[in-house]
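Here's the structure, in C-alpha cells; my notes come after.
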Amino acid sequence: MSVRLVLFGPPGAGKGTQAVRLAERLGVPTISTGDIFRANIAGDTELGRQVVGYTSKGHLVPDELTDALIADRLAQPDAADGFLLDGYPRNGAQAAALDALLAADDHELDLVIELAVDPDVVTARLLKRAQIEGRVDDTEDVIRHRLSVYAEQTSPLAEIYVNRGILAQVDGLGEVDEVTGRLLATIEQFTGELPQ
Ligand code: AMP
C-alpha cells in the first residue's frame, strides 16, 4: 500500500511500538528519528556525537541536522512509495521542511495520526520504561522536559493538519492490539484501502 503517514503523540504514547506494527501491515518503512539518533549514539558516529548533548537532556536536536537526516532517509528507494514517520516533524519548521521535501517530488502527506493519551499515564509509562530499557532520557526531570517540549512545540502541529483535513486522533489507551486495530481502522477510513 502506498501511504505517506506521520504518527505523532507525546513521549510514552506508544508511537514506537505501534509504528513498527503498522509499517509491517502497510508494507512501508518506519522511520523513527529517535531510533536513528540512538543508533548513531550507540555506534559513536559523527552524527551521534553531534546529537547526544541534546537527546540526553530531552532537548530537540537542531532542525538542520534533523531535516538533513530525513531528506537523506526519504531519498532511499524503500521510502519511494510511502513511509511511516515516527517522531518527525516535531515543530513548525520541520513540518514546513517536510512539506517542501515532499512537494519537490510532487508528493504530499496522506494522513497524520495523533495518538492521544493522558499526561499522567505517559509519565508512569516512561518511568516504567526507564527501569526496563535504561534509556538515559527517561529520568523524571528529562521526562518532564520532554513533555513540555511536546506541549509547546509539537502538539500545536495538530492545527496545521486539521486545517488541511488530514489529521485523525486515535485513543492510545488500552491493549497494544486494541490500539493497533483502531489505527488500522483509521487508516482504512482515510485512504479507502484496507491494509493487508
Ligand atoms: P524519541 O525517541 O522520538 O522520543 O526521541 C528521542 C530524542 O531524540 C528526543 O528527545 C530529541 O532529543 C531527539 N529527537 C527525535 N526526533 C527529533 C526531531 N524530529 N527533532 C529534534 N529532535 C528529535
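Be aware that the sequence shown starts at -9, since it is given in my numbering, and climbs by one per residue. For each residue, glycine too, the CB sits at the ideal point set by N, CA and C. Since the model is a prediction, treat every value here as computed from it, not as a measurement.
Neighbourhood of residue i by C-beta distance below 7 Å, restricted to the same chain and skipping five residues each side
i, result
"V107", "G(-1), P0, A3, G162 and L163"
"G6", "S22 and D76"
"V132", "K47 and G48"
"Y44", "L50 and V51"
"A61", "L91"
"A13", "P19, T20 and L74"
Range of the contiguous alpha helix (DSSP H) that encloses residue i
i, result
"S138", "E130 to V139"
"D89", "G82 to A93"
"K118", "P109 to E123"
"G17", "Neither: G17 is in no alpha helix (DSSP H) and is coded neither H nor E."
"D167", "V166 to T181"
"V126", "It is not in any alpha helix (DSSP H) - V126 carries neither H nor E in the DSSP assignment."
"L50", "L50 -> no alpha helix (DSSP H), and no H or E assigned at all."
Delimiting residues of the beta strand (DSSP E) encompassing residue i
i, result
"I156", "It is not in any beta strand (DSSP E) - I156 carries neither H nor E in the DSSP assignment."
"T20", "T20 to S22"
"A61", "Here A61 belongs to no beta strand (DSSP E); instead the alpha helix (DSSP H) covers D53 to L64."
"R(-6)", "R(-6) to F(-2)"
"A106", "L101 to A106"
"L74", "F73 to D76"
Near ligand 1: residue i beta-carbon under 7 Å from a heavy atom
i, result
"H49", "yes"
"V127", "Per the sequence shown, the amino acid found at residue 127 is Asp instead of Val. Result yes, Cβ under 7 Å from ligand 1."
"P0", "no"
"T20", "no"
"T84", "Per the sequence shown, residue 84 should be read as Gln rather than Thr. Yes, since a heavy atom of ligand 1 falls inside the 7 Å radius drawn around the Cβ of Q84."
"F73", "no"
"F27", "yes"
"R172", "no"
"G77", "yes"
"T181", "no"
"T56", "yes"
"R80", "yes"
Sequence-distant residues of its chain with Cβ nearer than 6 Å to residue i (five each side left out)
i, result
"P79", "A85 and L88"
"V126", "S46"
"R119", "D128"
Contacting residues, own chain, Cβ-Cβ under 8 Å from residue i (five flanking each side not counted)
i, result
"T56", "T23, L50, Y78, R80 and Q84"
"D53", "N81, A83, Q84 and A87"
"V160", "I103, E104, L105, A106, V169, R172, L173 and T176"
"A69", "V18, P19, I21 and R63"
"V41", "F27, N30, I31, V51 and L55"
Nearest-angstrom beta carbon gap, residue j and residue i [assumed within contact, 8 Å]
i, j, result
"L101", "V(-7)", "7 Å"
"F180", "A158", "6 Å"
"L64", "L37", "16 Å between Cβ atoms; not a contact."
"V(-4)", "L116", "Rounded, the Cβ-Cβ distance is 21 Å, inconsistent with contact."
Residue i Cβ short of 7 Å to ligand 3 heavy atom set
i, result
"A83", "This structure simply doesn't include ligand 3; it includes ligand 1 instead."
Original post:
Three or more beta-carbon pairs under 8 Å between the stretch 36 to 48 and the stretch 128 to 146, yes or no?
Top reply: yes
Subject >> Any 3 or more C-beta pairs closer than 8 Å across the stretch 71 to 83 and the stretch 8 to 22 >> reply: yes
Original post:
Can you find at least 3 beta carbon pairs, one from the stretch 170 to 186 and one from the stretch 100 to 114, that sit closer than 8 Å?
Top reply: yes
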